[in-house]
Amino acid sequence: MSIYHLTVDLAFENPSGLATDEDFDDFVDRFLDELDNLVESDPGIVDPDVAGSLAQRTITVTMGVEAGTVEDGARLFFANVRCALHAAESATPNWPTFAPSTPMSPGRVGLVDA
1 MSIYHLTVDL AFENPSGLAT DEDFDDFVDR FLDELDNLVE SDPGIVDPDV AGSLAQRTIT
61 VTMGVEAGTV EDGARLFFAN VRCALHAAES ATPNWPTFAP STPMSPGRVG LVDA
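Note that full-length UniProt numbering numbers the sequence shown so that position 33 is 33, with each residue one more than the last.
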């Protein structure tokens, strides 16, 4: 097993136009708290972090996951990101299922395997 450090960029919409920068900041804090909760329950999740832009409503998520292959790591990475988004009260209705033909792929952070 190796630790794969992966990243994904996410953009968020506010169809009602009523959410403020503070609302988005609170959501990002809840999301990071939920990622931290996952770390407490799964030692295979390592160093989740979030950076982003309040004005653009974007975040970049980085996290290490323990897996046998980078493909398995990607599935675990996206499953945990999605879980944290749902726990932070964000929906992901348009996300793909993780069949082998899914075009979405994470980028690797660094080249070090643990």
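Even glycine gets a Cβ: it sits at the ideal position worked out from N, Cα and C.
How big is the Cα-Cα spacing for residue i and residue j?
i           : j   : result
F98         : R75 : With a pLDDT of 46 at F98, under the threshold of 50, the predicted position of this residue should be treated as unreliable, and no value is reported.
N80         : N37 : 11 Å
T69         : S2  : 8 Å
G52         : F31 : 12 Å
I45         : T58 : 22 Å
residue 117 : D29 : Outside the displayed range of the chain (1 to 114) lies residue 117, so it cannot be described from this structure.
S90         : F27 : 9 Å
E71         : A19 : 36 Å
For residue i, which residues from the same chain have a beta carbon less than 8 Å from its beta carbon, with the 5 sequence-adjacent residues on both sides left out?
i   : result
L54 : D21, F24 and D25
Q56 : A11
E13 : R57
T60 : T7, V8, D9, L10, V50, A51 and G52
Which word fits residue i, buried or exposed, when buried means at least 16 other C-beta atoms lie within 10 angstroms of its C-beta?
i           : result
residue 150 : The structure shown does not extend to residue 150, since the chain is modelled only from 1 through 114, so no value can be given for it.
G84         : Reading off the sequence, residue 84 comes out as Ala, not Gly. By the 10 Å Cβ count, A84 comes out buried.
Note down, in chain order, each residue of its chain lying with its Cβ closer than 7 Å to the Cβ of residue i, except the 5 sequence neighbours on either side.
i   : result
E34 : A84, A87 and A88
G73 : Y4, L6, V65 and A67
Mind checking which residues open and close the alpha helix (DSSP H) that includes residue i?
i   : result
E40 : D21 to S41
G73 : V70 to A87
Helix, strand or coil for residue i per DSSP?
i           : result
L6          : strand
M63         : strand
residue 116 : Because the chain here runs from 1 to 114, residue 116 falls outside it and cannot be looked at.
S53         : strand
Please list, in chain order, all residues of the same chain as residue i whose beta carbon is under 6 Å from its beta carbon, the five residues on each side excluded.
i   : result
D49 : T62
V39 : I45
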